[in-house]
Every structure is written in C-alpha cells, then in structure tokens.
Amino acid sequence: MKIQVDPQMQAKLKRTPTAQHSLLRMMCVAAFLLTAIGISQAEVTPNFIFINIDDLGYADIGPFGSKLNRTPHLDRMAQEGRKLTCFYAAPVCSPSRAALMTGCYPKRSLSIPGVLFPGNDVGLAPEEVTVAELLKQQGYATACIGKWHLGDQPEFLPRRQGFDYYFGLPYSNDMGPAKDGVKSNLGAPIPQRKRKGKGQPPLPMLRNETVLQRVLAHDQTTLVARYTEEALTFIRKNKDQRFFLYLPHSAVHFPIYPGEAFQGKSNNGIYGDWVEEVDWSVGQVLDAVRELGLSENTLVIFASDNGGTRRGVNAPLRGYKGSTFEGGMRGPTIAWWPGKIPAGTATPAVTGMMDILPTFVKLAGGSPPADRKLDGGDIWPILAGEPGAKSPHDVFYYYRGLKLQAVRSGPWKLHLAQQTLYNLETDIGESTNVTAANPQVVRRLRALADQMKDDLGLDGIGPGCRPLGKVSNAQPLISHDGTFRSDL
Ligand SMILES: [Ca+2]
C-alpha cells in the first residue's frame, strides 16, 4: 500500500530535519501497523475442509463409542479437536446438503418431500447463495469432490454454485439413471424392472460437467481412493492460497463397496471395512495438511449427512436415517484446528449443517447474504470453546421433507404427531414420554411449532420456502445401457 503524504507536510519536511525524522518515524509505524493487520487477517482466514460421509451412524466411529470399527485417524482427530455431540444434519441426503450449502433449514432452500433423483427437472436453485460462492468472493479456491446430490442437470451442478472444480458422482451410489416418468436419453421409457438396477446401476462419474466414465458395481470399490487422491491433489495445488475443499464421500451408503485393500480386514463385515476405509481417507487428508505445514491455518470438519441405517450403530440415540428421532438426524461430528480449537474436548451445544455457512464465511472475513433469511448462525465461539458461548438455536425444528415433525427447546423435544415429550438431557434415547408431568412445556413447544405456520409451514410449501431451481427437458446424464449424455 502506498502511503500518501500531505503536500503541506512535504513542504514542512524539506524545511526541518526534525520534522523529517518524525514523519519517517510515523511512516514506519504506519507500515508496521499495516503489516501487523495483514498478519492477523491471515491468521483468522483459514482454509476449510468439510468431509461429509454418507449415512454414517452416530456410533460408527471410535470417538463416538464404536467398539466394532477401528478408526485410529478419527480417534486422533478427536484427541486433537472437539467433538460436536449434538450436530444436526437432516433425515436424508439432499436436504442435508442443501442446509450445508445455504445456511438454512433444508425446506427453505430446497423444498422437496424426499431426495432428488437422476434426471429430475428440479434442484437447488442457481439463485441460492452457497458457502462456496461466498468463500470464492473472498478469494478462496473451491472444489467439491464426491457426491453432490443437489440436482444432476447441468444447471444444478457444483460449478454453478461456486465451486471451481468438481469430481464425483452427482447423486447416490444406488440410483438408477431415471425415476418414474423420465425417459432415457435414447427416448424410450425405462422399464420398471431396470429403474432401480438392484442397487448396482451404471453411475456417471463427472469431472466438472463432463461424464468421464460409467461406474459399474466393481468400480465402486475405487471411489474412496479416487476421491481421496483428487482431494490431495487439490490441497497440494492450492497450498499457497486459501482454499475450501468439500469432500462428500459416497461411502458408506448402500451398496457397500470397500476398496480392495480394506475388504475382509475389519471385524464388522463389509460395512466395517468401508467405515475403516473412510477413516484411512481422513488420515490421508489430515496428514497432507500437516506435511504441507497448513495445520495452523486449516479448519477441518468431519460429519455425516444423516443418521446411520440399520447397517450401522446410532446408540445411544433412537431411530435411523429417515426419521426425526435423534438417531435419524445427528451425525458424529468433529472439528479440528490445532491451536484454535481446544484439543480433546466435546460440546453438547445444538449446532448443525446450517451453521457452517455463517461460520466459515465470517472466519473468511465475509458476511452472509443480507437479502434473504438464513436459519444458521456463527458457531465459531462454540468450536473455539469460548466461555459462555451459546447455541444460535434456542429453538430447533425437525422437518422430515416438508412436514414439521418435532420441535426442541433446551432439553425438551416434542414429537408433534405422537404427542410425546422427551427430556434429551436426561433421556438422550427418547425412551420415556414425560408429557403428563410437563403440560406447560408441551403447550410452550406446541406454540413454538405453530410459529412456523407463517414461515416454512407445518406441511406443504410455506411462505418462507424459496423457489426450487427448475429446468425444461431434464434428462439423465447416463442411460441404463451406459450411454453418456453428450450435449453438456
Ligand atoms: Ca445420506
């Protein structure tokens, strides 16, 4: 930066050596201050890595109590970082990822009843402002490597939502090329029996918007390794500048395909093999961060996009993926940033996917968009273990698709349809209905639920739901015979 010198001051400078001396001293102080500000900004604008596992259960990893799966790298990550024991995702994949990308309840930014399917004509609206776009505005290099699941049409893919680079499968690894009513790109209706592909459909591996390869069943055994390699390449390439790496693995979603090096190695069948391969991948990423000398300015978060299935373990939580019991929506979450996040600690504060955008963007020196409502808040004080740090969520709403099913305030959680009340502080497993003893709490929570009527709505589309992205002539990226869509 050039320091401007006032002309009067310049004249004065020529006249008196003392003034010259003091001006020089002033300029030195100014230059020092500017440098100091520069350094402190560099210190608080970290790199971000968000590792998102598909369908990983709350107790599927060591730090969250798994006795079945060996996860030494995640154990170390937790020893060096902070566990978030009440980090809410969503009951299923697409909504969870919408919350992560937009900082909102999923229903606000992606109001769909379930998940997106290949060839759907809707997706996350390009008008939505994502965490990737906001970080890109701050000069970050951005990449999404892995499962996207916010729309597979070209208009919805990651590079239209702020990512410089994309590599991966655009949806779940069990999804056939099209759902009901959608024709293959050869124009023929897809026979019913072929729609689901028995869990082993041909999948389109994308690099940016180009289909690189038809991924068949056995190819899925290479997914974790390929995503990891792509992630390491991106980190190394961008080690000298700020970056945001979003690494959503296809593992450990059905069908289960651990890599060859992991097959038969765990004590927990192929599911355990795949969890252990995910742990290996986390180790690779953290090792790269350490080896490149980036650990002091890189915030890494490990999470799951929804609760575990019956293949996994959600204990002590009740329920599985797809439900609004805690086991359906809480994931095993760890935040890691040596020197900034207190090592070996845990927090029960209510946090979630929607808090990532406000938190990352603030740390990067930016601000969330002011022209729209966000539901998430900055959870950096919670991650940093600041005394008195509070959850941004005095009230938390549990939606399954478009339907509000439960509401939480403090320790109390009311399931609306069942009329059951649980105290999560004393009964994390939602086993004992305490409605009868707490009629006032029930009334208060019911009133809090009703407050959503005029915003996101209790069922169906509410006034606060923003429009979905929509395209005409949607087509699958790959057909059942493996033909790629070539007009991208
Ligand atoms: Ca999922």
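Under numbering that gives the first Met the number 0, the first residue of the sequence shown carries the number 0, and numbering increases by one thereafter. Yeah, the Cβ is synthetic: ideal placement off N, Cα and C, and Gly gets one too. Bear in mind that the values here come from a model prediction, so they are computed numbers and not experimental data.
Best match in the options for proximity to residue i [C-alpha to C-alpha]
i: GLU276; options: PHE116, GLN152 and PRO71; result: PRO71
i: ALA302; options: PRO45, ALA369, TYR57 and ASN266; result: TYR57
i: ALA260; options: GLN240, VAL281, VAL223 and VAL284; result: VAL223
i: ILE111; options: SER93, THR220 and LEU293; result: SER93
i: PRO125; options: VAL470, ASP480 and PRO475; result: VAL470
i: GLY64; options: PHE233, PHE483 and ASN313; result: ASN313
i: TYR164; options: ALA142, GLU228, LEU246 and PRO254; result: ALA142
i: ILE144; options: ALA216, GLU229, GLN262 and LEU99; result: GLU229
i: ALA383; options: LYS82, ASN46 and LYS66; result: LYS82
i: PHE483; options: HIS248, PRO203 and ALA405; result: PRO203
i: HIS248; options: LYS339, TRP147 and GLY330; result: TRP147
i: GLY161; options: LEU362, ILE427, ALA131 and ASP173; result: ALA131
i: LEU362; options: PRO391, ALA448 and LYS339; result: LYS339
i: LEU55; options: ASP278, PRO341 and LYS238; result: ASP278
i: ALA342; options: ALA446, GLU79, ASN237 and ALA388; result: GLU79
i: ASN296; options: GLY258, LYS238, LYS66 and LEU455; result: LYS238
i: GLU127; options: LYS372, ASP151, TYR170 and ASN266; result: LYS372
i: GLN404; options: PHE253, SER322 and SER280; result: SER322
i: ASN266; options: LYS66, ALA388, THR308 and ARG225; result: LYS66
i: LEU447; options: ASP393, ASP59, ALA388 and GLN262; result: ASP393
Within 7 Å, strictly: CB atoms of residue i and residue j
i: MET451; j: CYS103; result: no
i: GLY311; j: MET328; result: no
i: PHE86; j: GLY351; result: yes
i: ILE48; j: VAL299; result: yes
i: GLY268; j: ASN68; result: no
i: LEU106; j: TYR398; result: Residue identity differs from the one stated: residue 106 is Lys in this sequence, not Leu. Cβ distance < 7 Å, so LYS106 and TYR398 count as in contact.
i: GLY468; j: GLY122; result: yes
i: VAL360; j: PRO367; result: yes
i: LEU149; j: ARG96; result: yes
i: GLU208; j: LEU156; result: yes
i: PHE242; j: TYR396; result: no
i: GLN283; j: THR227; result: yes
i: THR44; j: GLY364; result: yes
i: PRO153; j: GLY481; result: no
Cutoff 7 Å; reference residue i; Cβ partners in own chain excluding five residues on either side
i: GLY113; result: VAL91 and GLY400
i: ASP74; result: GLY61 and PRO62
i: ASP453; result: PRO462
i: THR434; result: GLN418, THR419, LEU420 and VAL441
i: GLN240; result: ALA140
i: ASP218; result: none
i: LEU444; result: VAL406, SER408, TRP411 and LEU413
Residues of its chain near residue i, where Cβ-Cβ distance is below 6 Å and the 5 sequence neighbours each way are ignored
i: THR84; result: ALA345 and PRO347
i: ASN472; result: none
i: ASP304; result: ASN51, ASP53, ALA88, CYS92 and SER95
i: ALA287; result: LEU231 and ILE234
i: ILE255; result: ILE269, TYR270 and TRP273
i: PHE324; result: ARG317, GLY318 and GLU429
i: ILE427; result: PRO315
Residue i: CB within 6 Å of a non-hydrogen atom of ligand 3
i: ARG329; result: Because ligand 3 does not appear in the structure shown, any question about it cannot be addressed here, the ligands present being ligand 1.
Sequence-distant residues of the same chain with beta carbon closer than 8 Å to residue i, five excluded per side
i: CYS464; result: LYS106, ARG107, SER110, LEU455 and GLY456
i: SER171; result: ASP53, CYS92, VAL114, LYS146, HIS148, SER249 and HIS252
The region 410-423 / the region 365-382 touching (three or more Cβ pairs under 8 Å): They do not touch, by the three-pair rule.
Are the region 410-417 and the region 355-366 touching, with three or more C-beta to C-beta distances below 8 Å? The region 410-417 is not in contact with the region 355-366.
At a cut of 8 Å, does the region 111-120 reach the region 333-350 through at least three beta carbon pairs? Short answer: they don't touch.
So, do the region 124-138 and the region 204-216 have three or more beta carbon pairs nearer to each other than 8 Å? Because the criterion of three Cβ pairs below 8 Å is not met, the region 124-138 and the region 204-216 do not touch.
Lining residues of ligand 1 - beta-carbon closer than 5 Å to any non-hydrogen atom, in sequence order: Qualifying residues come out as ASP53, ASP54, CYS92, ASP304 and ASN305.
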